[in-house]
Amino acid sequence: MRATVVVGLSPGGDDSESWRTFLRHLKERGLQGVRLITSDKCLGLVEALGEFFPEAAWQRCIVHFYRNVLKDVPRGKSRDVAAMLKAVHARTAASEKAEQVAEKLAALRLGNAAKCFRAGVQETLAYMNFPREHWTRLRSNNMLERIMKEIRRRTRVVGAFPDGQSALMLVAAGLRHIAGTHWGTRRYLDMDRLHEPEEREDHAE
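Read left to right, the sequence shown gives residues -17 to 187 (my numbering).
In C-alpha coordinates:
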(Lines of atoms letter the chains of each structure in order from A and count residues from 1; the text may use other names and numbers.)
(Lines give C-alpha, C1' and ligand atoms only; values in the text may rest on other atoms or scores of the structure.)
Protein backbone atom coordinates (compact mmCIF):
# COMPACT_ATOMS: atom_id res chain seq x y z
CA MET A 1 0.00 0.00 0.00
CA ARG A 2 1.21 3.52 -0.71
CA ALA A 3 0.30 6.87 0.79
CA THR A 4 0.66 10.27 -0.84
CA VAL A 5 4.15 11.78 -0.70
CA VAL A 6 5.35 15.26 -1.60
CA VAL A 7 8.68 14.60 -3.33
CA GLY A 8 9.81 18.14 -4.02
CA LEU A 9 9.24 21.86 -3.71
CA SER A 10 10.87 24.65 -5.66
CA PRO A 11 10.19 28.31 -6.52
CA GLY A 12 9.70 29.15 -10.15
CA GLY A 13 7.20 29.74 -12.91
CA ASP A 14 5.50 27.59 -15.54
CA ASP A 15 8.18 28.10 -18.17
CA SER A 16 10.14 25.10 -19.39
CA GLU A 17 13.39 26.21 -17.75
CA SER A 18 11.78 26.40 -14.31
CA TRP A 19 10.35 22.93 -14.78
CA ARG A 20 13.70 21.59 -16.02
CA THR A 21 15.37 22.91 -12.88
CA PHE A 22 12.76 21.22 -10.70
CA LEU A 23 12.78 17.89 -12.54
CA ARG A 24 16.58 17.84 -12.63
CA HIS A 25 16.56 18.31 -8.85
CA LEU A 26 14.23 15.31 -8.45
CA LYS A 27 16.44 13.14 -10.66
CA GLU A 28 19.58 14.14 -8.80
CA ARG A 29 17.91 13.16 -5.53
CA GLY A 30 17.25 9.69 -6.92
CA LEU A 31 13.66 9.74 -8.14
CA GLN A 32 13.24 6.84 -10.56
CA GLY A 33 10.70 4.33 -11.81
CA VAL A 34 8.16 7.02 -12.71
CA ARG A 35 5.35 5.40 -14.72
CA LEU A 36 2.81 8.21 -15.11
CA ILE A 37 2.74 11.98 -14.63
CA THR A 38 -0.62 13.75 -14.37
CA SER A 39 -0.91 17.50 -14.88
CA ASP A 40 -2.78 20.19 -16.73
CA LYS A 41 -1.42 21.04 -20.17
CA CYS A 42 1.32 23.33 -18.94
CA LEU A 43 3.53 23.48 -22.03
CA GLY A 44 6.66 24.20 -20.01
CA LEU A 45 6.16 21.03 -17.98
CA VAL A 46 5.14 18.86 -20.92
CA GLU A 47 8.22 19.95 -22.86
CA ALA A 48 10.54 19.15 -19.96
CA LEU A 49 9.09 15.75 -19.03
CA GLY A 50 10.51 13.91 -22.02
CA GLU A 51 14.01 15.08 -21.16
CA PHE A 52 14.06 13.79 -17.59
CA PHE A 53 11.42 11.04 -17.47
CA PRO A 54 11.16 9.72 -21.05
CA GLU A 55 9.84 6.37 -19.84
CA ALA A 56 6.83 7.95 -18.10
CA ALA A 57 3.44 8.41 -19.76
CA TRP A 58 1.77 11.79 -19.50
CA GLN A 59 -1.86 12.06 -18.43
CA ARG A 60 -3.67 15.33 -19.07
CA CYS A 61 -5.90 16.15 -16.10
CA ILE A 62 -9.50 15.54 -17.17
CA VAL A 63 -10.83 18.32 -14.92
CA HIS A 64 -8.64 20.95 -16.58
CA PHE A 65 -9.49 19.46 -19.97
CA TYR A 66 -13.22 19.79 -19.27
CA ARG A 67 -12.71 23.43 -18.33
CA ASN A 68 -10.81 24.07 -21.55
CA VAL A 69 -13.66 22.65 -23.62
CA LEU A 70 -16.46 24.26 -21.60
CA LYS A 71 -15.06 27.77 -21.94
CA ASP A 72 -16.33 27.70 -25.54
CA VAL A 73 -19.80 26.46 -24.54
CA PRO A 74 -22.73 28.80 -23.74
CA ARG A 75 -23.89 28.59 -20.14
CA GLY A 76 -27.25 27.19 -21.17
CA LYS A 77 -25.60 24.17 -22.74
CA SER A 78 -22.74 23.68 -20.31
CA ARG A 79 -24.47 21.14 -18.06
CA ASP A 80 -25.38 18.84 -20.96
CA VAL A 81 -21.93 19.16 -22.52
CA ALA A 82 -20.24 18.46 -19.17
CA ALA A 83 -22.24 15.24 -18.87
CA MET A 84 -21.16 14.27 -22.39
CA LEU A 85 -17.50 14.85 -21.52
CA LYS A 86 -17.70 12.81 -18.32
CA ALA A 87 -19.31 9.94 -20.23
CA VAL A 88 -16.11 9.55 -22.25
CA HIS A 89 -14.13 8.71 -19.13
CA ALA A 90 -16.85 6.55 -17.60
CA ARG A 91 -16.25 3.66 -20.00
CA THR A 92 -13.37 1.68 -21.45
CA ALA A 93 -14.27 2.18 -25.12
CA ALA A 94 -13.28 5.80 -24.67
CA SER A 95 -12.08 6.55 -28.19
CA GLU A 96 -15.35 5.35 -29.71
CA LYS A 97 -17.35 7.44 -27.25
CA ALA A 98 -15.06 10.42 -27.84
CA GLU A 99 -15.83 10.41 -31.55
CA GLN A 100 -19.55 10.40 -30.78
CA VAL A 101 -19.12 13.36 -28.44
CA ALA A 102 -17.11 15.30 -31.02
CA GLU A 103 -19.87 14.75 -33.58
CA LYS A 104 -22.53 15.88 -31.10
CA LEU A 105 -20.59 19.05 -30.30
CA ALA A 106 -20.32 19.83 -33.98
CA ALA A 107 -24.04 19.14 -34.45
CA LEU A 108 -24.78 21.61 -31.64
CA ARG A 109 -22.81 24.21 -33.59
CA LEU A 110 -20.14 24.31 -30.92
CA GLY A 111 -17.28 24.32 -33.40
CA ASN A 112 -14.58 25.70 -31.11
CA ALA A 113 -15.50 23.27 -28.33
CA ALA A 114 -15.49 20.38 -30.80
CA LYS A 115 -12.06 21.43 -32.09
CA CYS A 116 -10.64 21.70 -28.57
CA PHE A 117 -12.13 18.34 -27.66
CA ARG A 118 -10.79 16.52 -30.71
CA ALA A 119 -7.33 18.03 -30.27
CA GLY A 120 -6.92 16.98 -26.67
CA VAL A 121 -9.11 14.03 -25.73
CA GLN A 122 -6.48 11.35 -26.48
CA GLU A 123 -4.15 13.09 -24.04
CA THR A 124 -6.66 12.34 -21.27
CA LEU A 125 -6.72 8.56 -21.72
CA ALA A 126 -3.26 7.44 -20.55
CA TYR A 127 -4.66 6.34 -17.18
CA MET A 128 -6.54 3.51 -18.88
CA ASN A 129 -3.25 1.63 -19.30
CA PHE A 130 -3.12 1.17 -15.53
CA PRO A 131 -5.21 -0.94 -13.13
CA ARG A 132 -8.88 -0.04 -13.21
CA GLU A 133 -8.89 0.43 -9.44
CA HIS A 134 -6.43 3.32 -9.89
CA TRP A 135 -8.30 5.16 -12.61
CA THR A 136 -10.17 7.73 -10.54
CA ARG A 137 -6.95 8.69 -8.76
CA LEU A 138 -4.75 8.89 -11.84
CA ARG A 139 -6.88 10.79 -14.33
CA SER A 140 -6.88 14.14 -12.56
CA ASN A 141 -4.60 16.13 -10.28
CA ASN A 142 -7.39 16.87 -7.80
CA MET A 143 -5.20 15.59 -5.00
CA LEU A 144 -2.60 18.27 -5.73
CA GLU A 145 -5.31 20.91 -6.09
CA ARG A 146 -6.55 20.11 -2.58
CA ILE A 147 -3.04 20.55 -1.24
CA MET A 148 -2.63 23.86 -3.03
CA LYS A 149 -5.96 25.07 -1.67
CA GLU A 150 -4.75 24.44 1.87
CA ILE A 151 -1.41 26.15 1.17
CA ARG A 152 -3.17 29.19 -0.29
CA ARG A 153 -5.35 29.37 2.80
CA ARG A 154 -2.27 29.48 5.01
CA THR A 155 -0.39 32.04 2.94
CA ARG A 156 -3.37 34.41 2.76
CA VAL A 157 -3.24 34.74 6.53
CA VAL A 158 0.29 36.12 6.28
CA GLY A 159 -0.38 38.47 3.38
CA ALA A 160 2.81 39.95 1.91
CA PHE A 161 6.15 38.18 2.37
CA PRO A 162 9.45 40.05 2.77
CA ASP A 163 11.14 37.79 0.20
CA GLY A 164 10.75 34.60 -1.76
CA GLN A 165 12.71 32.50 0.72
CA SER A 166 10.34 33.29 3.58
CA ALA A 167 7.38 32.33 1.39
CA LEU A 168 9.10 29.08 0.44
CA MET A 169 9.78 28.26 4.10
CA LEU A 170 6.13 28.79 5.03
CA VAL A 171 4.95 26.59 2.18
CA ALA A 172 7.43 23.87 3.16
CA ALA A 173 6.21 24.02 6.76
CA GLY A 174 2.64 23.73 5.54
CA LEU A 175 3.48 20.69 3.46
CA ARG A 176 5.22 19.03 6.40
CA HIS A 177 2.12 19.62 8.51
CA ILE A 178 -0.16 18.17 5.85
CA ALA A 179 2.11 15.14 5.41
CA GLY A 180 1.93 14.49 9.15
CA THR A 181 -1.86 14.25 9.17
CA HIS A 182 -4.07 11.37 8.01
CA TRP A 183 -3.66 12.73 4.47
CA GLY A 184 -0.01 11.68 4.45
CA THR A 185 -0.53 8.27 6.04
CA ARG A 186 -3.77 6.89 4.62
CA ARG A 187 -3.62 4.56 1.64
CA TYR A 188 -3.81 6.34 -1.70
CA LEU A 189 -3.12 3.50 -4.14
CA ASP A 190 -2.60 -0.23 -3.82
CA MET A 191 0.69 -0.38 -5.71
CA ASP A 192 0.70 -4.18 -5.69
CA ARG A 193 -1.93 -3.99 -8.42
CA LEU A 194 0.73 -2.65 -10.79
CA HIS A 195 2.55 -5.97 -10.64
CA GLU A 196 -0.48 -8.15 -11.29
CA PRO A 197 -1.28 -9.18 -14.87
CA GLU A 198 -4.45 -7.55 -16.10
CA GLU A 199 -6.09 -7.57 -19.48
CA ARG A 200 -6.42 -3.99 -20.66
CA GLU A 201 -9.17 -2.95 -23.02
CA ASP A 202 -7.87 -0.99 -25.99
CA HIS A 203 -8.93 2.66 -25.92
CA ALA A 204 -6.73 4.01 -28.69
CA GLU A 205 -7.88 4.61 -32.21
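The beta carbon of each residue, even a glycine, is placed where N, CA and C say it ideally should be.
Could you check if residue i is buried or exposed, using at least 16 other CB atoms within 10 Å of its CB as the buried criterion?
i       : result
SER(-8) : exposed
HIS159  : exposed
MET151  : exposed
MET66   : buried
VAL55   : buried
Using DSSP with H/G/I as helix, E/B as strand and the rest coil, what is residue i?
i       : result
GLN41   : strand
SER21   : strand
LEU(-9) : coil
LEU171  : strand
ALA142  : coil
THR74   : coil
ASN94   : helix
SER60   : helix
GLN14   : coil
LEU67   : helix
GLY162  : coil
Leaving out five residues on either side along the sequence, give the residues of the same chain with a beta carbon under 8 angstroms from the beta carbon of residue i.
i      : result
ALA38  : VAL16, ARG17, LEU18, ILE19 and LEU31
ARG121 : THR20, GLN41, CYS43, ILE44, HIS71, THR106 and TYR109
Going by C-alpha to C-alpha distance, which of the options sits closest to residue i?
i      : options                          : result
ALA76  : PRO56, TYR109 and SER(-2)        : TYR109
TYR170 : TRP117, LEU157, SER148 and ASN50 : TRP117
MET130 : ALA154, ARG119 and ASN111        : ALA154
ASN123 : LYS23, GLU33, LEU5 and ALA69     : LYS23
GLU115 : ALA101, GLU(-1), LEU176 and LEU8 : LEU176
LYS9   : PHE35, ASP(-4), LYS97 and GLU29  : PHE35
Could you pull out every residue in the same chain whose Cβ sits closer than 6 angstroms to the Cβ of residue i, ignoring the five residues on either side in sequence?
i      : result
LEU27  : TRP1 and SER21
ARG136 : GLY156
ILE133 : VAL153 and GLY156
Ignore the nearest five residues each way along the sequence and tell me which others in residue i's own chain have a CB closer than 7 angstroms to its CB.
i      : result
ARG100 : ALA84
HIS7   : GLY(-10) and SER(-8)
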